[in-house]
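Under the numbering used here, think of the first position of the sequence shown as 8, with each following residue one higher.
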Amino acid sequence: MADKTLTRMDLAEAVHEEVGLSRNDSAELVEAVLGHISDALVAGEQVKISSFGTFSVRDKAARIGRNPKTGEEVPIHPRRVLTFRSSHLMKDRVASGNRS
Numbered sequence: 008m009a010d011k012t013l014t015r016m017d018l019a020e021a022v023h024e025e026v027g028l029s030r031n032d033s034a035e036l037v038e039a040v041l042g043h044i045s046d047a048l049v050a051g052e053q054v055k056i057s058s059f060g061t062f063s064v065r066d067k068a069a070r071i072g073r074n075p076k077t078g079e080e081v082p083i084h085p086r087r088v089l090t091f092r093s094s095h096l097m098k099d100r101v102a103s104g105n106r107s
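Laid out in structure tokens, this is it:
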């Protein structure tokens, strides 16, 4: 498994190389796209990126959990969670990348 992490800076550099925008403009573009995605998710909208996947927000209800160490019941408060479901094309691409 690779120890490399793709960062905002890496994305901005890729935009700079592929599109030819300045590094500053590339960084601003990446920030704008990520900002639009974040704003949509905060508003409760789904974000679908073709051939990549779907980001969505789920509301989880309150429930009773249990401390595994003591067995004590603990309330878990309702919350919103971010989920990602990859597209079949992305799943296939990742799976084929595992075959060396």
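Note that beta-carbon positions come from the ideal geometry of N, C-alpha and C, so glycine has one too.
1. Helix, strand or coil: which one does DSSP assign to S63?
2. When you compare each of R87, L18 and L48 to A69 by their alpha carbons, which one comes out closest?
3. For the beta strand (DSSP E) that contains K55, what are its first and last residues?
4. Hey, L36 and L28 are a contact pair by Cβ (cut 8 Å); roughly how many whole angstroms apart?
5. Rounding to the nearest angstrom, what Cα-Cα distance links S45 and V54 in this structure?
6. Leaving out five residues before and five after E38 in sequence, what residues of the same chain have Cβ atoms less than 8 Å from its Cβ?
7. Below 8 Å on the Cβ atoms is my contact criterion, and I expect G60 with R92 to pass it. Report the Cβ-Cβ distance as a whole number of Å.
Taking the definition as stated:
1. strand
2. R87
3. V54 to I56
4. 7 Å
5. 9 Å
6. R15
7. 6 Å
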